[in-house]
Amino acid sequence: MLLRAKKHDRSKAALAAATRDGDALRLLDRDSGPDPRDRGGPAQPMLIVKDLQKHYDIGRTALRGPRSVVRAVDGVSFEVAKGETLGIVGESGCGKSTTARLLMHLIEPDAGSVIFDGEEVSDVRGISVRDLRRNMQMVFQDSYASLNPRLTLADSIAFGPAVGGMPRAQAQARALTLLRMVGLDPESYAQRYPHELSGGQRQRVNIARALAMGPRVLILDESVSALDKSVEAQVLNLLRELKRDLGLTYIFISHDLNVVQYISDRVMVMYLGQVVESGPVDRIYGATRHPYTAALLSSRPSMDPRRRVAKPPLSGDPPNPINPPSGCRFRTRCPRAQERCASEAPMLAAAPDHDAHLTACHFPLSAAGGATPTGMEGLHGAAATDSGHAYGHTTKRLLRLQA
Amino acid sequence: MTDPSSPAALVQVQDLTVRFSNRDMNLPVVNGVSFSLNQGEVLCLLGESGSGKSVTMRALMRLLPDSARLGGQVRVDGTDILALPHRKLPDIRGSLISMIFQEPLTALDPVYTIGQQIAETVRRHDGCDRRAAMRRALDLLELVQIPSAARRLAAYPHELSGGLRQRAMIALALSCRPKLLLADEPTTALDATVQIQVLLLMRELQRELGMATIFVTHDLGVACEVADKVAVMYAGRFVETGAIADIMDHPAHPYTQGLLRSTVHGGHRGEDLAPIPGAPPDLAALPPGCCFAPRCGVRQSVCDSAVPALSGREGPGHAARCILPPSQITLLQEHTA
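From first to last, the protein sequence lines are chains A and B. The first sequence begins at 2 in the numbering used here and counts up by one. The second sequence begins at 8 in the numbering used here and counts up by one.
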């Protein structure tokens with residue numbers, strides 16, 4: 002009891018310190034000119050990822066059969082500009098979380114390179130993995146599993162900075178500042194334990210902890226997926242606010258297409274370990290070119306009981322990433338597949354009318370038709386009711402309600 | 008919603024309460040839920056985690072731990088469920104009422120094949136021989152549109168993909184022609200392209216077989232796809248009930264309105280969302296008045312004195328547990344905005 006009281010006093014002192022200097026975090030004042038940590042200049046992408054690859058050898062599945070390889074991430078390349086939010090969507094097993102872990106070097110890639118602000122990771126002249134992780138932090142889906150149950154919230158948040166050599170009192174003061182930033186009153190929350198919090202509050206703590214190292218990039222791996230809708234909206238607002246105040250860059254991974262559309266500037270769609278389409282959010286949702294993206298979009302429930310989805314856009318489950326189909330991996334479920342798709346893997350190529358809109362498809366949908374192009378009607382039926390336009394029928398109705 | 012006392016309804020629930028109590032806790036989880044459901048109707052229980060929607064549904068099947076104290080009345084096809092002795096419960100589970108769970112991998116038995124599990128259930132209730140039961144299992148797998156059904160009969164649950172596993176689970180639930188099907192977030196764990204397939208399958212089967220269905224979900228989109236009627240739950244009570252179209256078009260309770268408003272869609276891009284402030288109430292210390300009042304934007308002083316009754320709104324069966332009519336809520340919201 003005495004110990005606890007002492008701890009409380011200490012936290013009070015730290016709180017006073019935090020409010021005194023007000024700026025334990027070296028919070029970037031957005032008006033004070035360029036970020037001192039910015040080395041490559043504004044035109045240099047924050048991240049360049051080239052041909053990232055991770056295969057898992059799972060041995061023989063049959064006694065004398067061939068060795069099986071899970072191609073979790075198979076030649077993924079993309080860039081993230083400074084200050085933007087890249088959304089990554091795809092179904093389970095498409096490699097979106099593996100990609101995130103490879104970026105953080107939580108697992109070692111088999112091949113490929115990651116260039117952070119112009120410096121190649123773990124290169125002799127580049128940036129070390131240790132420094133990369135200071136600059137890039139991650140928030141996971143399971144808010145409870147990612148916090149140490151035996152540490153108070155303040156200790157959890159201060160852990161990283163303290164290990165990094167920051168004096169204890171200063172680390173504690175930073176933790177309190179961060180708690181306030183994510184909307185939790187430090188007076189009442191700093192000395193609590195994770196089990197005392199609701200899911201939304203815990204996820205706020207995880208965000209605070211990720212920010213404690215003063216990162217420039219946050220990877221949000223399904224960070225709002227486990228939350229209730231009303232809480233999800235609260236956390237999304239917080240993320241937008243933090244991005245604005247701290248000049249962060251986000252990589253936002255989710256299976257929820259509506260959330261990705263809301264928060265992302267650019268979107269990347271993955272299927273079985275490969276990128277099938279990427280581009281600005283309006284192009285992906287409004288002028289879809291890949292049949293898989295179109296199917297994903299029209300798989301969303303209609304949100305209108307009078308215009309229900311009549312026919313599922315795809316049949317069957319995603320195939321196993323062990324020994325995926327030859328050529329285009331989507332061809333086994335694709336309504337437009339032809340012979341060429343089996344023999345030749347399509348490369349990412351720019352749309353004729355938009356340089357930044359890349360699609361890996363031999364027979365892309367025409368841009369004019371959006372998600373309901375010719376040749377797809379039979380497949381979609383009434384399914385495509387609200388996917389064809391960025392502002393569909395439902396959206397209009399919800400907007401009216403919100404007006 | 009039809010009058011709960013109407014004798015024609017298949018399911019009649021009157022003032023159902025569930026409280027979990029033992030030596031160190033006493034938690035009212037369901038606080039007086041009444042509804043009725045006719046053959047062939049689909050009711051969606053909509054609510055966030057902890058609102059009591061799953062517990063309400065499990066109470067209909069008495070699928071709750073011993074610490075649960077049930078009150079009120081539940082009649083399904085004339086059977087008084089809450090009065091049944093324990094040894095009679097296996098007779099109704101699976102045949103009169105059956106259930107589809109969220110996680111088929113944990114709900115199915117890992118050491119028996121799909122065929123064996125379905126056949127066992129069929130034999131328990133219909134008393135037919137092994138061969139006839141297996142034949143019925145095959146029919147059921149075909150009914151739920153599992154490709155190469157004969158081969159899948161001999162498959163173990165872990166050998167199937169998520170979508171097929173959920174289909175197998177649906178086949179198992181339908182094996183003894185239940186009159187009431189309960190589905191607890193059956194598509195939440197599935198990928199988007201598979202979720203819509205399973206939803207449409209369930210809608211089709213429900214229409215063909217004509218059973219009453221109660222569907223628990225937290226997803227408004229899912230409710231729009233399958234429901235005839237919706238009951239929005241908050242802190243163990245229905246706060247709004249009505250036809251799905253009425254609720255989507257004219258939500259009458261501030262909580263329902265808040266849920267609709269905080270649902271993310273592309274039209275929001277670049278603007279802040281309007282979440283419901285605060286968090287759901289602690290069930291152990293519910294306020295005496297309206298449970299939503301502490302988070303409500305149009306709270307009045309009378310809201311704290313007593314729980315408002317479900318009162319009728321525009322549209323058949325549309326009712327909300329709020330003292331203010333919708334027009335006045337809009338007016339007050341505009342005033343504060």
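Glycine is no exception: its CB is placed at the ideal position from the N, C-alpha and C atoms.
Option nearest residue i by Cα separation, candidates the options
i: serine 300(A); options: Asp279(B), Glu232(B), Val314(B); result: Glu232(B)
i: histidine 196(A); options: Ala296(A), Tyr145(A), Gly317(A), Asp354(A); result: Tyr145(A)
i: glutamate 278(A); options: Asn324(A), Ser189(A), Asp356(A); result: Asp356(A)
i: alanine 161(B); options: Leu208(B), Arg210(B), Pro294(B), Ala126(B); result: Ala126(B)
i: valine 71(A); options: Cys342(A), His363(A), Arg181(A), Asn324(A); result: Asn324(A)
i: valine 276(A); options: Pro43(A), Leu249(A), Cys95(A), Gly201(A); result: Cys95(A)
i: glycine 91(A); options: Phe117(A), Ala73(A), Ile108(A); result: Ala73(A)
i: valine 167(B); options: Leu145(B), Leu112(B), Cys183(B), Gly134(B); result: One point to set straight first is that residue 167(B) is leucine, not valine, in the sequence displayed. Residue Leu112(B) is the option with its Cα nearest to leucine 167(B).
i: alanine 352(A); options: Gln339(A), Glu345(A), Ser367(A), Ala343(A); result: Ser367(A)
i: threonine 294(A); options: Lys312(A), Asp39(A), Leu258(A); result: Leu258(A)
i: leucine 148(B); options: Ala180(B), Arg137(B), Asp136(B); result: Ala180(B)
i: aspartate 31(B); options: Lys95(B), Ser308(B), Ala291(B), Gly296(B); result: Ala291(B)
i: alanine 313(B); options: Leu70(B), Glu215(B), Ala300(B), Leu280(B); result: Ala300(B)
i: leucine 180(A); options: Ala172(A), Tyr190(A), Gln171(A); result: Tyr190(A)
i: methionine 271(A); options: Asp186(A), Phe364(A), Phe331(A); result: Phe331(A)
Beta-bridge partners of residue i, as assigned by DSSP
i: asparagine 33(B); result: Ser28(B)
i: glycine 249(B); result: Val237(B)
i: glutamine 138(A); result: Leu219(A)
i: valine 81(A); result: Leu48(A)
i: arginine 61(A); result: Arg68(A)
i: glutamate 120(A); result: Phe117(A)
i: histidine 106(A); result: Note: histidine 106(A) sits in no beta bridge, so no partner.
i: histidine 355(A); result: Ala352(A)
i: asparagine 324(A); result: Answer is none; asparagine 324(A) lacks a bridge partner.
i: lysine 55(A); result: Val74(A)
i: glycine 78(B); result: Thr24(B)
i: glycine 319(B); result: Ala326(B)
Residue i classed as buried or exposed, judged by whether at least 16 other C-beta atoms fall within 10 angstroms
i: arginine 26(B); result: buried
i: leucine 219(A); result: buried
i: alanine 372(A); result: Any reading at alanine 372(A) must be qualified, since the residue scores a pLDDT of 43, below 50, and its modelled position is unreliable; the value itself is stated next. Alanine 372(A) is buried by the Cβ-count criterion.
i: histidine 132(B); result: buried
i: glutamine 202(B); result: buried
i: glycine 379(A); result: For glycine 379(A), the predicted structure reports a pLDDT of 37, less than 50, and the residue's modelled location is therefore unreliable. A value from the coordinates is still provided. Exposed, since its Cβ has fewer than 16 Cβ neighbours within 10 Å.
i: histidine 358(A); result: buried
i: alanine 391(A); result: No answer about alanine 391(A) holds up, because its pLDDT of 39 lies below 50 and its placement is not dependable.
i: isoleucine 88(B); result: buried
i: isoleucine 59(A); result: exposed
i: alanine 175(B); result: buried
i: arginine 320(B); result: buried
i: lysine 55(A); result: buried
i: methionine 182(A); result: buried
i: glutamate 341(B); result: exposed
i: proline 261(B); result: buried
i: asparagine 38(B); result: buried
i: glutamate 85(B); result: The question names glutamate, but residue 85(B) is glycine in the sequence shown. Answer is exposed; the Cβ neighbour count stays below 16.
i: proline 313(A); result: buried
i: proline 315(B); result: buried
i: alanine 61(B); result: For the sequence presented, residue 61(B) should be read as serine rather than alanine. The residue in question, serine 61(B), is buried, as its Cβ has 16 or more Cβ neighbours within 10 Å.
i: glutamine 264(B); result: buried
i: proline 154(B); result: exposed
i: glycine 277(B); result: exposed
Chain-order list of residues whose beta-carbon lies under 8 Å from that of residue i (same chain, five-residue window excluded)
i: arginine 158(B); result: none
i: glutamine 152(B); result: Arg174, Leu208
Cut-off 6 Å between Cβ atoms - residues of its own chain near residue i, not counting five sequence neighbours on either side
i: valine 140(A); result: Asn207, Ile208, Ala211, Leu221, Ser224
i: glutamate 80(A); result: Pro46, Ile49
i: alanine 190(B); result: Ile107, Phe222
Residues near residue i in its chain [Cβ-Cβ closer than 7 Å; skip 5 each side]
i: arginine 134(A); result: Met105
i: glycine 170(B); result: Leu197, Val201, Gln204, Val205
i: threonine 195(B); result: Gln109
i: lysine 51(A); result: Ser78, Gly113, Ser114
i: glutamine 124(B); result: Leu115, Asp116, Leu179
i: aspartate 30(A); result: With a pLDDT of only 43 at aspartate 30(A), under the threshold of 50, the placement of this residue in the model should not be trusted, and no figure is reported.
Short CB-CB distance (under 8 Å) between residue i and chain E
i: methionine 269(A); result: Judged by its chain identifiers, the structure shown contains no chain E, and its protein chains are A and B.
Every unbroken alpha helix (DSSP H) inside the region 256–309 of chain A [4 residues or more]: 258–264, 282–287, 292–299
Length at least 4, wholly inside the region 177–253 of chain A: the alpha helix (DSSP H) runs in chain order: 187–190, 200–212, 230–247
Whole alpha helix (DSSP H) elements within the region 144–174 of chain A, 4-residue minimum: 154–164
Sequence ranges, beta strand (DSSP E) only - wholly within the region 95–182 of chain B, length at least 3: 104–107
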